[in-house]
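*Asks:* Before we start, here is the structure in question, set down as C-alpha cells.
There are 2 protein chains.
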Amino acid sequence: MAKDEDVKLVGSWTSPFVMRPRIALNIKSVHYDFIQETFGSKSPLLLQSNPVHKKIPVLIHAGKPIAESSIIVEYIDEFWSSAPSILPSDPYDRALARFWASVVDQKFFTPMKASMGAEGEAKKGLMNQAVEAIGLLEEAFGTLSRGKAFFGGDHIGFVDIAFGSFLGWIRVAEISNGMKLIDAAKTPGLDGWAQRFSAHDAVKDVLPDTAKLLEFSKLLAAKLKEKH
Amino acid sequence: MAKDEDVKLVGSWTSPFVMRPRIALNIKSVHYDFIQETFGSKSPLLLQSNPVHKKIPVLIHAGKPIAESSIIVEYIDEFWSSAPSILPSDPYDRALARFWASVVDQKFFTPMKASMGAEGEAKKGLMNQAVEAIGLLEEAFGTLSRGKAFFGGDHIGFVDIAFGSFLGWIRVAEISNGMKLIDAAKTPGLDGWAQRFSAHDAVKDVLPDTAKLLEFSKLLAAKLKEKH
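For the protein sequence lines, the chains are A and B, in the order given. According to this note's numbering, the residues represented by the first sequence are 165 to 392, in order. According to this note's numbering, the residues represented by the second sequence are 165 to 392, in order.
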C-alpha cells in the first residue's frame, strides 16, 4: 500500500481541533477523505472509531483509528517522517513545542470555550483569562521563533498548528465581543505571525470563512447556554 | 558534560505526577537530585522554573526546565534514547500509548481528584466515573499488553508509568471508601499488572508507603473541602 493511501479524517469544518490534522496532512502532502459529521449528532463511524471520547477529529489510516488532535498530529509527523518536520529534532525543543501546545489547550481554549456559554461578569473574567494566555503566547513566540516567521522557525511547527487552528474562532470572538485579541499594538509578534500563518499554502484553504463561522457560532452559543 | 549529570527534579513524594519522571529516570538509570516542595507553599525555584502553571513536577536538566509530567517522560525517553525505551517505535503504537496515557488523566484522574473534595451522591457519581475509567483501562491492558506483563509489553512503558503512578492513591482510595478499585475478580488483568508494576526495580522505591499516604490524604481532603 502506498504511504498516503486510505487516509480518512472524521471531522467538521468548524472545529479548530479538526484543523490541526488537516494542516498537518497538507504539510506532508498526504491526500485524505474528509468525512464531515453533522452538527448535533454523532455518526456510527465516529462512535465506533472513538468509543472512549466520541469526539472529532479521528484519523483512520489503513483502517486503524487515532483520536485526540495533538496525538494525531504527532502520528502524522512520525508516519510521514520526511521533511518538512512538524516537531523539531532536538529533545529539549520538542519538549518546549509540546509544552506550548498544551498551554494553548489549557490556558487559552478552556476559558475561551467557557466564555461562549457565559454572560456578564463571568464572561468578562473568562475572556480576560484568554487574553492573558495570548499574552503568554506572544512572549513564547519571541523565544521559540528566534526571529523567524513561525513558532517552528522557518516552517510551520507543532505550536503554530495548535494555536493557529484557533485563528478563525479568534476572529469570530473579536467581532462578537467588539475587541481585538491579536493586533499590531498589543501583540505585534502574533499579529504578523497570524497573517503569515493564514496565508500559508497548507492553511489557507482550511481556515474557515469568518462570516460563515460567525453564523455557526451563534448556533453553538445558543446550544451551550441551553446546557447551563 | 556527562549525559546524566546535572539533573534535578522539583516535586513531592505524594504526587503521582512526580512519580512519572522519577520512574522514567530510574528506567534509564539516570541519577537526579530530588528537590521536594513543602505542602501548601511554592518555592522560588518552582515559580521561576514553571511560571506558567506553577506546578510540580519540573525537570531541570543542565539548567533548562521542562514542565508537565507526560512531556517530561517523553523528554527523558528522547534524550536518554538508549534502551529500554518507554514509548514503542512504531508510530501507531506510539499514538495508542499517548492516547491511553491521556485517558488516564482525563477519565480517571479528573473524577478521582474531584471525588476527594466531594460528599454523598456527588462523591458516589465521581467514584463511579473513576471505576468506569478503570474498566476501560482493563480492556486496554488486554489489547496493548498482547499477553505480556505490562501495557508496554515485556517492559514498563508510557501507559504503565501514566497509570501506575496512581497505584498509591488507588490503595488510599480503596481504604477510605471501603471498596476495591482493582482486584482479581473485577479487573484480573490490572490486578496482576499492579503487582508486577509495584514490585519492579524502577518503581518499588518510588511508590509511597500506603499508611503515610493515607495520612497525607486526610490533610489534602480537608484542604480541598475548604476550597468548595
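We put the beta carbon where it would ideally sit given N, CA and C, even for glycine.
Is the separation between the beta-carbon of residue 336/B and that of residue 297/B shorter than 8 Å?
*Replies:* Cβ atoms of residue 336/B and residue 297/B: not closer than 8 Å.
*Asks:* Is any beta-carbon of chain B found at less than 8 Å from that of residue 175/A?
*Replies:* For residue 175/A, the answer is no, since every Cβ of chain B falls outside 8 Å of its Cβ.
*Asks:* Tell me, please, whether the CB atom of residue 267/A is closer than 8 Å to any CB atom in chain B?
*Replies:* Yes, residue 267/A counts as interfacial toward chain B.
*Asks:* With 16 as the cutoff for other CB atoms within 10 Å, does residue 285/B come out buried or exposed?
*Replies:* It counts as exposed.
*Asks:* Can you tell which of 215/B, 230/B, 193/B has the C-alpha that lies nearest to the C-alpha of residue 157/B?
*Replies:* The displayed coordinates of chain B run from 165 to 392. Any statement about residue 157/B would go beyond what the structure contains.
*Asks:* Which one of 361/B, 237/B, 257/B has the shortest CA to CA distance from residue 192/B?
*Replies:* Minimum Cα distance to residue 192/B is reached at 237/B.
*Asks:* How would you label residue 271/A, buried or exposed, when you count the other beta carbons within 10 angstroms and need 16 or more for buried?
*Replies:* The residue is buried, with at least 16 neighbouring Cβ atoms inside 10 Å.
*Asks:* State the beta-bridge partners of residue 172/B as determined by DSSP.
*Replies:* Paired residue(s): 197/B, 224/B.
*Asks:* What is the rounded straight-line gap between the Cα of residue 233/B and the Cα of residue 322/B?
*Replies:* One C-alpha to the other measures close to 11 Å.
*Asks:* Using DSSP with H/G/I as helix, E/B as strand and the rest coil, what is residue 317/A?
*Replies:* Here residue 317/A sits in strand by DSSP.
*Asks:* Taking DSSP as the reference, what is the three-state secondary structure of residue 372/A?
*Replies:* Note: residue 372/A maps to coil in three-state DSSP.
*Asks:* Residue 229/A bridges to which residues according to DSSP?
*Replies:* Beta-bridge pairing links residue 229/A to 224/A.
*Asks:* Listing by chain order, which chain B residues have their CB less than 8 Å from the CB of residue 235/A?
*Replies:* Those within 8 Å of residue 235/A in chain B are 259, 262, 263, 266.
*Asks:* In three-state terms, what does DSSP make of residue 214/B?
*Replies:* Coil.
*Asks:* Excluding five sequence neighbours on each side, which residues of the same chain lie with their C-beta closer than 7 Å to the C-beta of residue 200/A?
*Replies:* Excluding positions up to five away in sequence, the list reads 175, 176, 177.
*Asks:* Give the C-beta separation of residue 339/B and residue 358/B to the nearest angstrom, bearing in mind that I take them to be a contact with Cβ-Cβ under 8 Å.
*Replies:* The pair is not a contact, with the Cβ atoms about 15 Å apart (cut-off 8 Å).
*Asks:* Put residue 384/A into one of helix, strand or coil per three-state DSSP.
*Replies:* Helix at residue 384/A.
*Asks:* Show which residues of chain A have a CB atom less than 7 Å away from the CB atom of residue 300/B.
*Replies:* Ordered by position in chain A, the residues that pass the 7 Å Cβ test against residue 300/B are 216.
*Asks:* Please report whether the beta-carbon of residue 255/A lies at a distance below 8 Å from any beta-carbon of chain B.
*Replies:* Taking Cβ atoms only, chain B reaches closer than 8 Å to residue 255/A, which makes this a yes.
*Asks:* Between which residues of its own chain and residue 280/B is the CB-CB distance below 6 Å, once the five residues before and five after are set aside?
*Replies:* Taken in chain order, the residues that qualify are 385, 388.
*Asks:* Closest Cβ-Cβ distance between residue 286/A and chain B: below 8 Å?
*Replies:* No, its Cβ sits nowhere closer than 8 Å to a Cβ of chain B.
*Asks:* Below 9 Å on C-beta distance, what does residue 191/B contact in chain A?
*Replies:* Neighbours of residue 191/B on chain A: none; closest Cβ ~16 Å, over 9 Å.
*Asks:* Within the 8 Å Cβ cut-off, does residue 338/B reach chain A?
*Replies:* Taking Cβ atoms only, chain A never reaches closer than 8 Å to residue 338/B, which makes this a no.
*Asks:* Give me the Cα-Cα distance between residue 332/B and residue 288/B, rounded to the nearest whole angstrom.
*Replies:* So the alpha carbons of these two residues sit roughly 20 Å apart.
*Asks:* Along the alpha helix (DSSP H) that carries residue 360/A, what are the first and last residues, could you check?
*Replies:* Residues 352-363.
*Asks:* Would residue 187/A and residue 334/A be called neighbours here (beta carbons separated by less than 8 Å)?
*Replies:* In this structure, residue 334/A does not lie closer than 8 Å to residue 187/A by Cβ.
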